[in-house]
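I have placed the structure first, in the form of C-alpha cells, so that the comments after it can refer back to it.
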Amino acid sequence: MRKTKLEAGCNEIGIIYDGDDDAPSVVGLLHATADSPPGVRMPYISPGVFGDTPGVEQFSTINEWFSTENFPEHLAFDAGDLKVQLFGCRFRSRRESIMGTATSVATMAPEVVIVSDEDVQLTEPLRLREMTSSIDALLQWSGIRRTSFDYERTKEGRIKSFAIRATTGDPITWQSGEVQLSIDSHWKGTPSSASSKALTAKDSAGIESSTWLTSTFEEPKAIREHLIKQRELVSLLVLVYGAPIRFREHLTSDERFGSRSQLVYTHTWR
0 MRKTKLEAGC NEIGIIYDGD DDAPSVVGLL HATADSPPGV RMPYISPGVF
50 GDTPGVEQFS TINEWFSTEN FPEHLAFDAG DLKVQLFGCR FRSRRESIMG
100 TATSVATMAP EVVIVSDEDV QLTEPLRLRE MTSSIDALLQ WSGIRRTSFD
150 YERTKEGRIK SFAIRATTGD PITWQSGEVQ LSIDSHWKGT PSSASSKALT
200 AKDSAGIESS TWLTSTFEEP KAIREHLIKQ RELVSLLVLV YGAPIRFREH
250 LTSDERFGSR SQLVYTHTWR
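Quick note: the sequence shown, position 114, residue 113 per numbering that gives the first Met the number 0, numbers continuous.
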C-alpha cells in the first residue's frame with residue numbers, strides 16, 4: 000500500500016531522480032526525526048586525493064553535487080511505497096574518506112517535501128495557488144465544528160444510545176490584499192474493525208474531524224508568500240491565547256501533485 004504521509008521516525012531507502020536519464024542512478028535514505036526535519040543521506044565513493052579510485056565513476060553525480068554544493072532545484076525520490084518531490088535541496092553535512100578507500104556519506108536537506116504519486120516535471124519551480132495548514136488553537140478560536148453528538152438517555156440519566164452527526168457547511172472566508180483566506184473543518188469516517196476478517200474482541204468506528212486554514216492566490220505563488228499571509232492569523236492567535244502557536248501540517252491541492260497532498264516545509268517542521 001502506498002504511503003501518503005511523511006512522519007517523524009521515517010527511514011526510507013529509494014532512488015533519486017534528477018531528470019538526466021544518462022546519469023548514474025543515485026540511491027539515498029530519506030529520514031526525519033521529531034527534532035530534525037527531513038534529509039536525504041547518500042553513501043558514495045570519493046575520488047580521493049589521488050583521483051584514481053576504482054568504481055568511483057558510478058558516484059559521479061553525488062560527487063559533483065557535494066563538491067560544488069550545487070544541487071538541482073527539484074528532485075524526485077521513489078522508495079516503492081513512498082514517492083516524494085524534493086525542492087530547494089541544500090548541503091547539510093558530509094563525512095568524506097579523502098583517501099578514497101572507504102565509503103563516504105553526505106546528507107542534503109530539502110526545503111520542501113511533497114508526498115505525491117504524480118509524475119511531476121522536474122524543471123518546474125514550486126509555486127502554488129492554494130496551500131492549507133493545520134494550526135494550534137484554530138478549532139477553539141474559530142468555533143467551526145462539523146460533528147456533533149445526539150444522546151438518548153434512560154430515566155436515570157444513563158446513556159442508552161447516541162448518534163454522531165457529521166455535516167458540511169460554508170467556510171469562513173475573507174480577503175487580505177491579493178490573497179483569499181478561509182477556515183473550514185473537514186471530517187472523515189474511520190472504518191469499523193468488524194469489517195476485517197480477523198476475529199477480535201473489539202469493534203470500533205468513528206469520525207475524525209480537523210480544522211484548517213487555506214490561502215488562495217489568483218496566480219501561483221512561492222510557499223513563503225502563503226506563509227506570510229497565514230502567519231498573520233497565527234500572530235493573532237498568539238495574542239489571544241498568550242501561548243506559542245505552531246503549524247502542525249501543510250497540504251496542497253495543486254493539480255500537479257493530486258488532491259490534498261502532504262507538504263512538508265522544513266522551517267515549520269514540528
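Don't be surprised by glycine CBs; every beta carbon is placed ideally from N, CA and C.
* Return yes when the Cβ of glutamine 261 is within less than 8 Å of the Cβ of valine 114, no when it is not. => Residue mapping note: residue 114 aligns to position 115 of the sequence shown, counting from 1. Residue mapping note: residue 261 aligns to position 262 of the sequence shown, counting from 1. Remark: C-beta atoms of valine 114 and glutamine 261 approach each other more closely than 8 Å.
* To do: For the stretch 72-86 and the stretch 11-21, state whether three or more C-beta atom pairs, one from each stretch, are separated by less than 8 Å.
  => By the Cβ rule, the stretch 72-86 counts as touching the stretch 11-21, because three or more pairs are nearer than 8 Å.
* Is tryptophan 270 helix, strand or coil by DSSP? -> Because residue 270 is not part of the residues shown, which for the chain are 0 to 269, the question remains open.
* Between valine 119 and the rest of its own chain, which residues show a CB-CB distance below 6 Å, the 5 nearest in sequence each way excluded? -> Start at 1 with the first residue of the sequence shown, and residue 119 comes out as number 120. Excluding positions up to five away in sequence, the list reads Gln84 and Arg255.
* Is the CB-CB distance between leucine 232 and threonine 131 below 8 Å? -> Position 233 of the sequence shown, counting from 1, holds the residue named residue 232. Position 132 of the sequence shown, counting from 1, holds the residue named residue 131. No, the Cβ-Cβ distance between leucine 232 and threonine 131 is not below 8 Å.
* Taking all protein chains shown into account, do 16 or more other C-beta atoms lie within 10 angstroms of the C-beta of phenylalanine 65, making it buried, or fewer, making it exposed? -> Residue 65 sits at position 66 when you count from the first residue of the sequence shown. The residue in question, phenylalanine 65, is buried, as its Cβ has 16 or more Cβ neighbours within 10 Å.
* Asked: What are the boundary residues of the beta strand (DSSP E) that glutamine 84 is part of?
  -> Counting from 1 along the sequence shown, the entry for residue 84 is found at position 85. Secondary structure note for glutamine 84: its beta strand (DSSP E) is the uninterrupted segment 82-86.
* Are there 16 or more other CB atoms within 10 angstroms of the CB of threonine 172, so buried, or fewer, so exposed? -> Taking the sequence shown and counting its residues from 1, one reaches residue 172 at position 173. With fewer than 16 Cβ atoms within 10 Å of its Cβ, threonine 172 is classed as exposed.
* May I ask you to verify whether the stretch 24-37 touches the stretch 0-9, counting CB pairs closer than 8 Å and requiring at least 3? => With the cut-off at 8 Å, the stretch 24-37 and the stretch 0-9 touch.
* Asked: DSSP state of asparagine 62, grouped into three classes?
  -> Here residue 62 is taken as the residue at index 63 of the sequence shown, counted from 1. Helix, per DSSP.
* If we ignore side chains and look at the alpha-carbon of each, how far apart do leucine 121 and aspartate 19 end up? -> Indexing the sequence shown from 1 puts residue 121 at position 122. Indexing the sequence shown from 1 puts residue 19 at position 20. Going from the Cα of leucine 121 to the Cα of aspartate 19 covers about 10 Å.
* Asked: What residues are listed by DSSP as bridge partners for glycine 27?
  -> For the purposes of this step, residue 27 is taken as the residue at position 28 of the sequence shown. Answer by DSSP bridge pairing, in chain order: Gly13.
* Chain-order list of residues whose beta-carbon lies under 8 Å from that of phenylalanine 161 (same chain, five-residue window excluded) -> Here the question's residue 161 lines up with position 162 in the sequence shown. Phe148, Asp149, Tyr150 and Glu151, listed in sequence order.
* Do you know offhand how far leucine 236's Cα is from asparagine 62's? -> Translated into the one-based positions of the sequence shown, residue 236 becomes position 237. Translated into the one-based positions of the sequence shown, residue 62 becomes position 63. Annotation: leucine 236 to asparagine 62 spans about 46 Å, alpha carbon to alpha carbon.
* Give the C-beta separation of lysine 2 and leucine 81 to the nearest angstrom, bearing in mind that I take them to be a contact with Cβ-Cβ under 8 Å. => Along the sequence shown, read from residue 1 onward, the residue named residue 2 stands at position 3. Along the sequence shown, read from residue 1 onward, the residue named residue 81 stands at position 82. In this structure lysine 2 touches leucine 81 by the C-beta definition: roughly 4 Å separates them, less than 8 Å.
* Asked: So what's serine 45 in DSSP terms, helix, strand or just coil?
  -> Along the sequence shown, one-based indexing puts residue 45 at 46. In the displayed model, serine 45 falls within coil according to three-state DSSP, outside both helix and strand.
* To do: Determine, using beta carbons only, whether threonine 210 and leucine 138 come nearer to each other than 8 Å.
  => In the sequence shown, residue 210 corresponds to position 211, counting from 1. In the sequence shown, residue 138 corresponds to position 139, counting from 1. Yes.
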